[in-house]
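*Asks:*
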Amino acid sequence: MSNQPQPGDRVSYINDNLSGIVKRIIDKKQVLLLLDDGFEIPANISELIITKKFGDKDVEIESDPRVTIADSVDNSDRIYFGAITEETSGGLIVKTYLINTTSVLVKFTIYKSTDGYIKGIANGDIEPSRAMELSTFPMSEASEFRNIILQYLLFAEEPEKIISPTEISFKMKPVALFKEKSMLPVIKVQGFLMDLTSENQAKSIDSNGFNREQQKAAPVPDIVDLHLEELTDQPKKLTPAEAIQLQMRVFIQSLEKAMVQDLDDITFIHGVGKGILKNEIRRNLGSNVHIHGFADADPKKFGYGATIVYLKSR
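So that you can map any letter, position 202 of the sequence shown is 185 in my numbering, and since no number is skipped, the others follow by simple counting.
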């Protein structure tokens, strides 16, 4: 029997009458112990003896069936998004995961954005050295999960300081599920893997698992192309009413972000066509008290299918 306790193992103190279940690994010398009386305390590994390994009867620490526990502690201090493909009797399916190899608890919510609509996928808490299954869907629906938004918070019982939540937007291209194969931590299978703590996202997590650089909101571009081909992968599937709704939703969201980020102006490329989108945009702008005004954008740069909006300073 190994002398190194793992999450889920039942242990007892060598020189005391206390016993409980290992809830998680704190570091190489300590574990968080859930005592039989319900209290949680840190315990030195050197003072414990394993009485029953996780997996034996009557030992339950992970009640969430979505969670996979690493065979050994993973201290790589990263947060990963992973996806694998699996052949079933009903066809090829995709399983997605959020993987926590930091030394602290990760509280998260994750969404998908499809044609401007946002829908929740999953939420929960992930202990260190764990992976949580987020969703399972047919490969035929993979394009609906292309644009992903993750919000997470690193939680410790005794942090050095309050840690701000992080929001990350990223893409999962269906073709990457077959071309970009890596070994997924914790799960230990080959699949698509994205490090969500890379340099251009939530930079370096220190030895305590704390994000040293708060994720900044991505700046809104000062030129927004509202052509359907730029907003959706399947523009021909939209009815005229759905198309104008999508374009106006992106227009309003971009305008609001430009105001928040205090841009001087923002240009919307709407095209010429029948003028329906242009008229809708200008009707909206006409009643907006947060703008100075609007006009045709420079025809040398945009032709006659763009409107520039001048914003008031905050």
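For each residue, glycine too, the CB sits at the ideal point set by N, CA and C.
By DSSP's criteria, Thr119 is part of a beta bridge. Which residues make up the other side?
*Replies:* Within the sequence shown, the letter at position 136 stands for residue 119. Answer is Lys78.
*Asks:* By alpha-carbon positions, which one of Thr84, Val292, Ala241 ends up nearest to Arg266?
*Replies:* For this step, residue 266 is matched to residue 283 along the sequence shown. Among Thr84, Val292, Ala241, the Cα nearest to that of Arg266 belongs to Val292.
*Asks:* Starting from Glu213, follow the alpha helix (DSSP H) in both directions and report where the run begins and ends.
*Replies:* Against the sequence shown, residue 213 aligns to sequence position 230. Per DSSP, Glu213 belongs to the alpha helix (DSSP H) from 211 to 214.
*Asks:* Which ranges would you report for the beta strand (DSSP E) in the segment 232 to 263 if only whole runs of at least 3 residues count?
*Replies:* 248 to 252, all fully within the segment 232 to 263.
*Asks:* Tell me which residue opens and which closes the alpha helix (DSSP H) that Pro282 is part of.
*Replies:* In the sequence shown, residue 282 corresponds to position 299, counting from 1. 282 to 285 is the span of the alpha helix (DSSP H), which, as asked, contains Pro282.
*Asks:* Under a Cβ-count criterion, where at least 16 other Cβ atoms within 10 Å of its own Cβ denotes burial, should Gly359 be classed as buried or exposed?
*Replies:* Because residue 359 is not part of the residues shown, which for the chain are -16 to 297, the question remains open.
*Asks:* Closest by CA to Gly99, which one among Met242, Lys261, Asn262, Pro218?
*Replies:* Here residue 99 refers to the residue found at position 116 of the sequence shown. It is Pro218 whose Cα lies nearest to the Cα of Gly99.
*Asks:* Do Thr97 and Glu127 count as a contact pair if the criterion is CB distance below 7 Å?
*Replies:* Position 144 of the sequence shown, counted from the start, is the residue given in the question as residue 127. Position 114 of the sequence shown, counted from the start, is the residue given in the question as residue 97. Closer than 7 Å, so yes.
*Asks:* Which value, in whole angstroms, describes the spacing of the CA atoms of Ile52 and Asn58?
*Replies:* Counted from its first residue, the sequence shown places residue 52 at position 69. Counted from its first residue, the sequence shown places residue 58 at position 75. Answer to the nearest angstrom: the Cα atoms are 13 Å apart.
*Asks:* Give the straight-line distance between the Cα atoms of Ala125 and Asp208, rounded to the nearest whole angstrom.
*Replies:* Position 142 of the sequence shown holds residue 125. Position 225 of the sequence shown holds residue 208. Going from the Cα of Ala125 to the Cα of Asp208 covers about 25 Å.
*Asks:* Near Ile93, what residues of its chain come up, given a Cβ to Cβ distance below 8 Å and the 5 sequence neighbours on each side ignored?
*Replies:* Numbered from its first residue, the sequence shown carries residue 93 at position 110. These residues qualify, in order along the chain: Leu81, Gly103, Ile104, Ala105, Asn106, Leu117, Ile131, Ile132, Leu133, Gln134.
*Asks:* Whose C-beta lies closer than 6 Å to the C-beta of Thr215 among residues of the same chain, with five residues either side of it excluded?
*Replies:* For the purposes of this step, residue 215 is taken as residue 232 along the sequence shown, with counting starting at 1. If we look at Thr215 and ignore the five residues flanking it on each side, its Cβ neighbours are Asp98.
*Asks:* Using CA atoms only, rank isn't needed, just tell me which of Ile33, Gln230, Ser112, Val77 is closest to Val158.
*Replies:* As a working mapping, residue 158 is identified with position 175 in the sequence shown. The shortest C-alpha separation from Val158 is found at Val77.
*Asks:* Determine the contact status of Ile303 and Asp205, defining contact as a CB-CB distance below 7 Å.
*Replies:* Here the chain has residues from -16 to 297 only, and residue 303 is not among them.
*Asks:* Please state the DSSP three-state secondary structure of Lys219.
*Replies:* Numbered from 1 along the sequence shown, position 236 holds the residue referred to as residue 219. Three-state result, Lys219: helix.
*Asks:* Which class does Ile28 belong to by DSSP, given the choice of helix, strand or coil?
*Replies:* Residue numbering aside, residue 28 sits at position 45 when the sequence shown is read from its first letter. Helix at Ile28.
*Asks:* Taking C-beta to C-beta, are Leu15 and Arg7 nearer than 7 Å?
*Replies:* Counting from 1 along the sequence shown, the entry for residue 15 is found at position 32. Counting from 1 along the sequence shown, the entry for residue 7 is found at position 24. Going by C-beta atoms, Leu15 is nearer than 7 Å to Arg7.
*Asks:* For Leu18, which residues of its own chain have a beta-carbon under 8 Å away from its beta-carbon, when the five flanking residues on both sides are left out?
*Replies:* Here residue 18 refers to the residue found at position 35 of the sequence shown. Answer for Leu18: Leu1, Ser2, Gly3, Ile24, listed in chain order.
*Asks:* Helix or strand or just coil, what does DSSP make of Gly269?
*Replies:* Here residue 269 refers to the residue found at position 286 when the sequence shown is read from its first residue. In this structure, Gly269 counts as helix in the three-state DSSP scheme.
*Asks:* Under three-state DSSP, which class holds Leu160?
*Replies:* Indexing the sequence shown from 1 puts residue 160 at position 177. Leu160 falls in the helix class under three-state DSSP.
*Asks:* Please report the Cβ distance between Ile146 and Gly65, rounded to the nearest whole angstrom; I am assuming they are in contact, meaning their Cβ atoms lie under 8 Å.
*Replies:* The count along the sequence shown starts at 1 and reaches residue 146 at position 163. The count along the sequence shown starts at 1 and reaches residue 65 at position 82. At roughly 24 Å, the Cβ-Cβ gap does not stay under 8 Å, so Ile146 and Gly65 are not in contact.
*Asks:* Give the straight-line distance between the Cα atoms of Gln197 and Ile(-3), rounded to the nearest whole angstrom.
*Replies:* The count along the sequence shown starts at 1 and reaches residue 197 at position 214. The count along the sequence shown starts at 1 and reaches residue -3 at position 14. Low local confidence applies: a pLDDT of 36 at Gln197 is under 50, so the model's placement there is unreliable, with the coordinate-based value given in what follows. Cα to Cα, Gln197 sits roughly 43 Å from Ile(-3).
*Asks:* When you compare only the Cα positions, how much space is there between Thr68 and Asn262?
*Replies:* Here residue 68 is taken as the residue at index 85 of the sequence shown, counted from 1. Here residue 262 is taken as the residue at index 279 of the sequence shown, counted from 1. So the two alpha carbons sit approximately 46 Å from each other.
*Asks:* For Glu141, does the three-state DSSP call read helix, strand or coil?
*Replies:* Locating residue 141 in the sequence shown gives position 158, where the first residue counts as 1. Residue state, collapsed to three classes: coil.
*Asks:* Among the residues of its own chain, which have a CB less than 7 Å from the CB of Met242, if the five just before and after it don't count?
*Replies:* As a first step, residue 242 is located in the sequence shown; it is residue number 259 there, counting from the start. His273, Leu294, listed in sequence order.
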